[in-house]
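Enquirer:
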Amino acid sequence: MELSEKLVLALPKGRILKEVMPLVRLAGIEPEPAFDDPASRQLQFATNVPNLSIIRVRAFDAATFVAFGGAHMGVVGNDVLMEFGYSDLYSPIDLDIGHCRLSLAMPETAADEDPQGWSHIRVATKYPNLTCRYFAERGIQAECVKLNGAMELAPSLGLSKRIVDLVSTGGTLKANKLKEVAVLARITSRLVVNRPAFKVRPAELTYWIDRFKEAVSHGQAA
1054 MELSEKLVLA LPKGRILKEV MPLVRLAGIE PEPAFDDPAS RQLQFATNVP
1104 NLSIIRVRAF DAATFVAFGG AHMGVVGNDV LMEFGYSDLY SPIDLDIGHC
1154 RLSLAMPETA ADEDPQGWSH IRVATKYPNL TCRYFAERGI QAECVKLNGA
1204 MELAPSLGLS KRIVDLVSTG GTLKANKLKE VAVLARITSR LVVNRPAFKV
1254 RPAELTYWID RFKEAVSHGQ AA
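Just add 1053 to wherever you are in the sequence shown, counting from 1, and you've got the numbering used here.
This is the structure:
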């Protein structure tokens, strides 16, 4: 990466964006007005920092952009970090936002099944790698059906009796007559940095790591 290249911060769309923006602003980064315009179709935005821009992408893609050098740093849930295991991602800070859990859920009528009797199961999930590892560690072979959304439909439509998905309040599961039966991991969002970029531009990236650390401390104290 060229030293003259602008730093790029990858932020995830959706719920986490609303939670992370107070920290971004506390760190001293203010995006151009179009960033807050719901009608804007822009994907990259200038900021008040001349050598820093923001891209707004899907949560899974934020990790990919940083891992492959399209962005220098980003905000990524540790669910995504565990799923992809990118070696070029350095995660120096837990931002203490995006709290939820990655859970196994089943229909309420089958939720009392004893997992000790499972040997080969099918699971619908957005996280096939993480899910297969979790069950393999317990001696269970999991056939993972990859879905990117509407996971709760899988049991009622006969696709899979079990799902692994992010759970916040549990309201969606309850509305679809599903019950949370195990927690695979507790999830928060992290600041991640591209390792090769950090080697080339340590002073710049350390500066922003420190600014985000201060922002998190300030937010926790508020």
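Note that CB positions come from ideal geometry on N, CA and C, so glycine has one too.
According to the neighbour-count rule (16 or more other Cβ atoms, all chains shown, within 10 Å of its Cβ), is proline 1103 buried or exposed?
Expert: Residue 1103 sits at position 50 when you count from the first residue of the sequence shown. Flag for proline 1103 reads exposed.
Enquirer: Could you have a look at isoleucine 1069 and say whether DSSP puts it in helix, strand or coil?
Expert: For the purposes of this step, residue 1069 is identified with residue 16 of the sequence shown, where counting begins at 1. Correct three-state label for isoleucine 1069: helix.
Enquirer: Counting Cβ pairs, one atom from each stretch, are 3 or more of them under 8 Å apart for the region 1222-1234 and the region 1106-1125?
Expert: no
Enquirer: In this structure, does DSSP put arginine 1186 in helix, strand or coil?
Expert: Stepping through the sequence shown from its first residue, residue 1186 is reached at position 133. DSSP places arginine 1186 in helix when its eight states are reduced to three.
Enquirer: Can you give the beta carbon distance from valine 1176 to cysteine 1197, rounded, assuming they're within the 8 Å contact cut?
Expert: Taking the first residue of the sequence shown as position 1, residue 1176 is located at position 123. Taking the first residue of the sequence shown as position 1, residue 1197 is located at position 144. Sure, about 5 Å apart at Cβ, within 8 Å.
Enquirer: At which residue ranges does the region 1159-1234 contain complete beta strand (DSSP E) runs of 3 or more residues, listed in the order of the chain?
Expert: Unbroken beta strand (DSSP E) stretches of 3 residues or longer found wholly inside the region 1159-1234: 1173-1178, 1194-1199 and 1215-1220, given in chain order.
Enquirer: Taking the straight line between their C-alpha atoms, what separation do you get for phenylalanine 1265 and serine 1242?
Expert: Position 212 of the sequence shown, counted from the first residue, corresponds to residue 1265. Position 189 of the sequence shown, counted from the first residue, corresponds to residue 1242. Taking the straight line joining both Cα atoms gives about 13 Å.
Enquirer: Cα-Cα, which of Leu1231, Ser1270 and Val1253 is closest to glutamate 1058?
Expert: One-based indexing of the sequence shown puts residue 1058 at position 5. Of Leu1231, Ser1270 and Val1253, the residue nearest in Cα terms is Val1253.
Enquirer: Pull up the distance between the alpha-carbon of alanine 1189 and that of proline 1086, whole angstroms please.
Expert: Against the sequence shown, residue 1189 aligns to sequence position 136. Against the sequence shown, residue 1086 aligns to sequence position 33. Taking the straight line joining both Cα atoms gives about 48 Å.
Enquirer: Using the three-state DSSP reduction, which class does phenylalanine 1098 fall into: helix, strand or coil?
Expert: On the sequence shown, position 45 is the one that residue 1098 refers to. Assigned with DSSP and collapsed to three states, phenylalanine 1098 falls in strand.
Enquirer: Roughly how many angstroms lie between the CA atoms of alanine 1120 and serine 1140, to the nearest whole one?
Expert: Indexing the sequence shown from 1 puts residue 1120 at position 67. Indexing the sequence shown from 1 puts residue 1140 at position 87. Looking at the two C-alpha atoms, the distance is approximately 8 Å.
Enquirer: Name the DSSP bridge partner or partners of alanine 1268?
Expert: Translated into the one-based positions of the sequence shown, residue 1268 becomes position 215. Paired residue(s): none; alanine 1268 is not in a bridge.
Enquirer: Flag this pair as yes or no: are the beta carbons of aspartate 1149 and valine 1269 separated by less than 8 Å?
Expert: The residue given as residue 1149 occupies position 96 in the sequence shown. The residue given as residue 1269 occupies position 216 in the sequence shown. Taking 8 Å as the Cβ cut-off, aspartate 1149 and valine 1269 qualify as a contacting pair.
Enquirer: If we count the other Cβ atoms within 10 Å of its Cβ and call it buried at 16 or more, is glutamate 1055 buried or exposed?
Expert: For the purposes of this step, residue 1055 is identified with residue 2 of the sequence shown, where counting begins at 1. Residue placement at glutamate 1055 is poorly supported in this model, since its pLDDT is 41, which falls under 50; the coordinates still yield a value, given next. Exposed is the call here.
Enquirer: Identify, in the order they occur along the chain, each residue of the same chain with its Cβ nearer than 6 Å to the Cβ of isoleucine 1216, setting aside the five sequence neighbours on each side.
Expert: As a working note, residue 1216 is residue 163 in the sequence shown. Taken in chain order, the residues that qualify are Ala1158, Ala1177, Met1204 and Ala1207.
Enquirer: With a threshold of 8 Å on Cβ separation, who are the neighbours of alanine 1124 within its own chain once the five nearest residues in sequence on each side are excluded?
Expert: Translated into the one-based positions of the sequence shown, residue 1124 becomes position 71. Cβ neighbours of alanine 1124 beyond the five flanking positions: Val1061, Leu1062, Ala1063, Ile1108, Ala1115, Phe1118 and Asn1247.
Enquirer: How many angstroms separate the CA atom of alanine 1092 from the CA atom of proline 1084?
Expert: Within the sequence shown, numbered from 1, the residue matching residue 1092 stands at position 39. Within the sequence shown, numbered from 1, the residue matching residue 1084 stands at position 31. Answer to the nearest angstrom: the Cα atoms are 16 Å apart.
Enquirer: Would you mind listing the beta strand (DSSP E) stretches within the region 1104-1128 that are 3+ residues and don't spill past its ends, in chain order?
Expert: 1105-1110
Enquirer: Restricting to Cα atoms, I'd like to know which of Asn1182, Gly1151 and Ala1195 is closest to proline 1168.
Expert: Here residue 1168 refers to the residue found at position 115 when the sequence shown is read from its first residue. Nearest C-alpha to proline 1168: Ala1195.
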